[in-house]
Amino acid sequence: MSAKSEEHEWWQSGVVYQVYPRSFQDANGDGVGDLRGILSRVDYFEWLGVDAVWLSPIYPSPMKDFGYDISDYCGVDPLFGSLEDFDALTAELHRRGMKIVLDFVPNHTSDQHPWFQESRSSRDNPKRAWYIWRNPGPNGAPPNNWLSQFGGEAWEYDGVTGQYYYHAFLKEQPDLNWRNPEVQEAMLNVLRFWLDRGVDGFRVDVIWHIVKDDEFRNNDPDPNYHPGLAPARRLLATYNTDRPEVHHIIERMRDVLDEYGEKMMVGEVYLPLERLVTYYGAQGSGVHLPFNFQLIELPWHARVIADAIDKYEGLLPSYGWPNWVLGNHDNPRIATRIGAAQARVAAMMLLTLRGTPTMYYGEELGMHNVPIPPERVQDPFEKNVPGLGLGRDPERTPMQWSTGPRTGFSEAEPWLPIAEDYASRCVEAQRDDPHSMLTLYRRLLELWRREPALNIGDYRSAPAQGDVLAYRRVEGDSQFLIVLNLGGGAAVFSGMMPVGHVVLSTHLDREGEAFNGRIELRPADGVVVRLEK
Ligand code: NOJ
4 MSAKSEEHEW
14 WQSGVVYQVY
24 PRSFQDANGD
34 GVGDLRGILS
44 RVDYFEWLGV
54 DAVWLSPIYP
64 SPMKDFGYDI
74 SDYCGVDPLF
84 GSLEDFDALT
94 AELHRRGMKI
104 VLDFVPNHTS
114 DQHPWFQESR
124 SSRDNPKRAW
134 YIWRNPGPNG
144 APPNNWLSQF
154 GGEAWEYDGV
164 TGQYYYHAFL
174 KEQPDLNWRN
184 PEVQEAMLNV
194 LRFWLDRGVD
204 GFRVDVIWHI
214 VKDDEFRNND
224 PDPNYHPGLA
234 PARRLLATYN
244 TDRPEVHHII
254 ERMRDVLDEY
264 GEKMMVGEVY
274 LPLERLVTYY
284 GAQGSGVHLP
294 FNFQLIELPW
304 HARVIADAID
314 KYEGLLPSYG
324 WPNWVLGNHD
334 NPRIATRIGA
344 AQARVAAMML
354 LTLRGTPTMY
364 YGEELGMHNV
374 PIPPERVQDP
384 FEKNVPGLGL
394 GRDPERTPMQ
404 WSTGPRTGFS
414 EAEPWLPIAE
424 DYASRCVEAQ
434 RDDPHSMLTL
444 YRRLLELWRR
454 EPALNIGDYR
464 SAPAQGDVLA
474 YRRVEGDSQF
484 LIVLNLGGGA
494 AVFSGMMPVG
504 HVVLSTHLDR
514 EGEAFNGRIE
524 LRPADGVVVR
534 LEK
């Protein structure tokens, strides 16, 4: 679909769209989204103009962490449908020239996975060493001070065999022991299973967590911790994450993908940039794209973001392809974080920076976090650590399709509430509105597809002050200047630039305007200018 260059792979010149399957489209009327529902919306992906669809987990799961607790890596949970439904969706996406990316969750299984059931049954079970079992510390205490990401200790005592097992997340999500070659083989076979079925790539869950210190040393306190942060942040995660041996494991995953040709791995890595870029691996033997979460994590200030872009561009290895993302199922929606007006600026930034963009479903409508009444809370993180605003339900609410009942998502009451303002922030209301967020996204995606300078071109920063962020994208003799006002007041950009004209603006009302080296911006205004040769 995208303007292709022979030296670029689909995952470099394409746009990825994340679907949270529980919340996208319910076809069987149980209030939870499913694969048949997603299949019924393939027209929408095509119309919108995305290149790949990433599905959060669809595997059999007790749903303690809504699918990130997997009890069978090679199946589909009946809630979502069947393997046949999955094959039908894959075939339809492929028929339309789109790719399908699955979530691969290697760090932990469900405690209901047969591997763990065996492992916990006795100390001499052949699967004992598939998980991380340790003797109690003095007086029966946990083996060390590691904390669970979802609150409390990361160790659970199992009375049957008198040892503790490690879980970086819920106690129902025991961590696999990736130092064990049998685990490696079994999990690489999971990749092969799905690659044989035609998947085009994987988003790899918490990839920086999968190997732990072999001496199980205690973590030190984090001097920057303050109450209000997630409790696990009390300690630096020195010994339970980002261990050097992880790169060898990733290389093995990469080797499997490479056997299949043009496949892609995007790794979930929340680390500082200097550490993040190591996940490209030596000479590109790592993940193709270590997720770059800077636009999720940084304050929305032009100077901070300008510096971050330059730093990122500077740290990328020569073989490392960049990527950008504004939101996902674990973080507050961008429209809530920076407001509706700036969300349009963010959209323009996402789709004009150098690197693969990943969109989160509903971002294209300006969907915002939905307040969840206490009796409807679902997320275990919120239940374990209430009141800190860490719950992820608000960004997981149903996709907003129509102005009709339950916004066309389901015939039943959805598993999470629908936003009150859905009638104005839905596909039906926005698709023919020339000034809507959805129209802005479609126009940006159209431009991205058409213009190699925007999807694969070089990045050059441009000097700007105050709330203005400016940069150029260049490919051959095609050149664009992007000027964005991240502030709430008017601003002016003037630089030593050739002349040109505006091809797209965040307010969708400046197209065709001449650019003579200077441009005035209204609050939250942004423009893409085609520069003359
Ligand atoms: C990261 C996933 O994105 C998140 O949703 C999940 O809870 C944890 N990993 C545990 O799998």
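The numbering of the sequence shown is my numbering, which starts it at 4 and goes up by one.
Beta carbons are placed, not taken as given, at the ideal position from N, Cα and C, and that holds for glycine.
Beta bridge counterpart(s) of residue i as assigned by DSSP
i, result
"His111", "Asp178"
"Leu484", "Arg475 and Val532"
"Ile103", "Val56"
"Glu523", "Val495"
"Pro141", "Pro141 is not bridged to any residue."
"Thr361", "Val19 and Val328"
"Pro302", "Pro302 pairs with nothing; no bridge assigned."
"Pro224", "Leu238"
"Pro230", "Leu232"
"Leu292", "Val269"
"Leu150", "Glu156"
Buried/exposed call for residue i, threshold 16 Cβ in 10 Å
i, result
"Ser413", "buried"
"Met499", "exposed"
"Ser5", "Note that Ser5 scores 41 on pLDDT, short of 50, meaning its location in the model is unreliable and no value can be drawn from it."
"Ala493", "exposed"
"Arg98", "exposed"
"Glu367", "buried"
"Ala517", "exposed"
"Asn519", "exposed"
"Ser16", "buried"
"Tyr315", "buried"
"His116", "buried"
"Ala305", "buried"
"Tyr322", "exposed"
"Pro408", "exposed"
"Asn192", "exposed"
"Ala171", "buried"
"Leu524", "buried"
"His229", "exposed"
"Gln166", "buried"
"Leu232", "exposed"
"Ser59", "buried"
"Glu175", "buried"
Residue i - DSSP class collapsed to helix/strand/coil
i, result
"Glu254", "helix"
"Trp57", "strand"
"Asp203", "coil"
"Arg409", "helix"
"Trp327", "strand"
"Thr355", "coil"
"Met440", "helix"
"Ala607", "Residue coverage of the chain in this structure runs from 4 to 536, which leaves residue 607 outside it and unanswerable."
"Ala349", "helix"
"Trp418", "coil"
"Ala517", "strand"
"Leu173", "coil"
"Pro117", "helix"
"Pro184", "helix"
"Leu447", "helix"
"Leu198", "helix"
"Trp211", "helix"
"Glu10", "coil"
Start-to-end residues for the alpha helix (DSSP H) that takes in residue i
i, result
"Gly40", "Leu38 to Leu42"
"Arg126", "Note, Arg126: premise wrong, no alpha helix (DSSP H); not H, not E."
"Asp313", "Ala305 to Leu318"
"Trp14", "Trp13 to Ser16"
"Asn334", "Premise fails: Asn334 is in no alpha helix (DSSP H) and is neither H nor E."
"Tyr47", "Val45 to Leu51"
"Pro383", "Pro383 to Asn387"
"Asp90", "Leu86 to Arg98"
"Pro455", "Pro455 to Asn458"
"Leu2", "No information on residue 2 is available, as it lies outside the stretch 4 to 536 that the chain covers here."
"Phe277", "Correcting the residue type first, residue 277 is Glu in the shown sequence and not Phe. Residues Leu276 to Leu279."
"Glu398", "Segment: none, Glu398 is in no alpha helix (DSSP H) and carries neither H nor E."
"Ile135", "It is not in any alpha helix (DSSP H) - Ile135 carries neither H nor E in the DSSP assignment."
Endpoints, beta strand (DSSP E) assigned at residue i
i, result
"Met268", "Met267 to Gly270"
"Glu159", "Trp158 to Asp161"
"Tyr62", "Per DSSP, Tyr62 belongs to no beta strand (DSSP E) and is neither H nor E."
"Leu507", "Gly503 to Ser508"
"Val19", "Val19 to Val22"
"Gln166", "Gln166 to Tyr169"
"Tyr462", "Asp461 to Ala465"
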